[in-house]
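Protein chains in written order, with the UniProt record's numbering: chain D, 1 to 212; chain Y, 1 to 212; chain L, 1 to 212.
Glycine is no exception: its CB is placed at the ideal position from the N, C-alpha and C atoms.
Here is the structure we will look at, set down as structure tokens.
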């Protein structure tokens, strides 16, 4: 991906920024609903945005973390939290959440692809790599909910979310084995994950529940 | 332990499998009681089975994790979760829990012995090694309960559980210093831990509580 | 700091001990309020005292942990827990908490300074180092509250606590860049953090909250 034309590079940066922002906002809203103070708001926002990738890197024993290499993201998140506490009111919560669904689905795909890719590069077996993709995409939200003292939404809302990343991760592994192109595999993974998540949102799919 | 006869090797594999299964089922039941969806069921089952060992390896900076080296266990746990969601009903919860008490006590001993052994091999002081044994045996259940938004059972049910692993761990350390045989020390640790836990279950022992 | 006179060395050890004790007691009281058993009391006490530094070392990939190098602290905490369960009654909780406010503020400063220092020595960028100082000083309490199934107090009590460590951390970084003396920077960091925390307690400062 080193020879991208400038417009493609800019587009990819913009997409990435939108995705991280969507994840961060999910944390910000959770913190706002719990009426946390400034410290709590920043921590939960941070966890929602970068907790999944950080947990993956801890498990894979990889350093530096994304947010250590890209410190500007920390400043951006702080600015976001300050702005939200100054200007965001309760009536903005729901529209924000709705508007974030699509960038969030994109973020799920991007984070999953990044996670699978990193895990494969460190020599993880296929299933472990796919699970690392899921951890990257989903466990930021899990940490957000644990800190907010809730059962993680990803574990109990019966909506396909982690499942989309799981299938997208296998698409990555399959395409990569077939073509040996990591760049293509990433795009396939993002497309499959995003597509499934979009379908799930649109068709209101639910996961199987326990029968009494 | 390299020169075990075949039957002994098979027996040890069967015991290990029963123990991991008991731990996994404790997660599965906790997830079922909280009505989690498929993603939550797998995650909590995984945490209960392998969370303790994973936390120990994170603390000791050891890789690869057990479940990365033995990926088939991940497939088995997934199969277990699917089967449970298909066939397990509410009336099965209690009998399963009762049936699991004994393999669970065995698992506590095996996990504690494995934890102490690994910590000693990486040069930990005796007390730290014993605590790593406790972490291996008990903190899978702690992570299970934290994710399920409960105060960990091991911290508040006033039943000797971690305490058995703690004493078993010291038995390991003592025997190992005395005989320098790690294999014997492991067996002593399992026997002491399992024996104490069995006694505690049988005699209904309780830990001291706070006085008002 | 290698050429300290004996009295200064003894004083610094006494201050450190008072600070760790204050952190440990915050865990002990939280565990007592939740009526945890002996295992829970020790774990929560340990997390409150050493959880923040351990999390920092996990993130920075540093070993050994403080409590592995100084195993006597683990024995001390165990003794503290046993003594507390034997002699501490409900009527002692509030006076203990009040008496601990000042050593706790000191501990916040010492832990923050230690965290910033360690992070800078491993080459972290300034903001990351400051955040590691905050993690060291504050996240022991966060882990304590997560395990006790509460939203972390540091995230919702609207009292400046982490914020004091954050500003103190910047004081460290600034002084260090200016004078290149880590020992001086540590003292400045402790003074600023402790001073701000003392002011916040004395003047009853509150952090900004969400407006409805």
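- In this chain, the alpha helix (DSSP H) harbouring residue 176 of chain D covers 162 to 179.
- A Cβ-Cβ separation of about 5 Å places residue 188 of chain Y in contact with residue 175 of chain Y under the 8 Å criterion.
- When C-alpha distances from residue 48 of chain L are compared across L:179, L:144 and L:202, the shortest belongs to L:144.
- Between the alpha carbons of residue 169 of chain L and residue 210 of chain Y lies a distance of about 39 Å.
- Close partners of residue 118 of chain D in chain L (Cβ separation under 8 Å) are lacking, with about 16 Å as the shortest Cβ gap.
- Inside the segment 45 to 77 of chain D, DSSP marks whole alpha helix (DSSP H) runs of 4 or more residues at positions 66 to 69, from first to last along the chain.
- For the segment 28 to 51 of chain Y, the beta-carbon criterion of a distance under 7 Å to any beta-carbon of chain L is satisfied by none of its residues.
- The beta carbon of residue 164 of chain D sits no closer than 8 Å to any beta carbon of chain L.
- Here residue 209 of chain D carries a coil assignment [DSSP, helix/strand/coil].
- By the CB criterion at 8 Å, residue 202 of chain D and residue 160 of chain D fall outside the cutoff.
- By the beta-carbon neighbour count (other beta carbons within 10 angstroms, threshold 16), residue 27 of chain L is buried.
- The residues 19, 22 and 23, in chain order, have a CB closer than 6 Å to that of residue 107 of chain L in the same chain once the five nearest residues on each side in sequence are set aside.
- Inclusion of residue 182 of chain Y and residue 112 of chain Y in the CB contact set at 8 Å is not warranted, their separation being larger than that value.
- For residue 118 of chain Y, the enclosing alpha helix (DSSP H) covers residues 90 to 121.
- For residue 146 of chain Y, at least one C-beta of chain D is nearer than 8 Å to its own C-beta.
- Comparing alpha carbon positions, the residue from L:132, L:124 and L:31 closest to residue 93 of chain L is L:31.
- When the beta-carbon positions are compared, residue 105 of chain L and residue 10 of chain L stay at least 8 Å from each other.
- For residue 16 of chain Y, the three-state secondary structure derived from DSSP is helix.
- Put simply, the backbone Cα of residue 132 of chain Y is about 21 Å away from that of residue 60 of chain L.
- Taking residue 185 of chain D as the centre and dropping the five residues before and after it, the same chain places the C-beta of 172, 175 and 176 closer than 6 Å to its C-beta, in chain order.
- In terms of Cα proximity to residue 40 of chain L, the closest of Y:178, Y:193, Y:155 and Y:33 is Y:155.
- For residue 85 of chain D, at least one C-beta of chain L is nearer than 8 Å to its own C-beta.
- The straight-line gap separating the alpha-carbon atoms of residue 114 of chain D and residue 120 of chain D is approximately 10 Å.
- For the pair residue 72 of chain L and residue 66 of chain L, the Cα-to-Cα distance works out to about 11 Å.
- Each residue's CA atom was taken as its position, placing residue 136 of chain Y and residue 43 of chain L some 14 Å apart.
- DSSP places residue 156 of chain D within a helical segment (H, G or I) once states are collapsed to three.
- DSSP places residue 184 of chain Y within a helical segment (H, G or I) once states are collapsed to three.
- Contact between residue 207 of chain Y and residue 57 of chain L does not hold, since the beta-carbon distance rounds to 31 Å and is not under 8 Å.
- Under the three-state reduction of DSSP output, residue 145 of chain L falls in the helix class.
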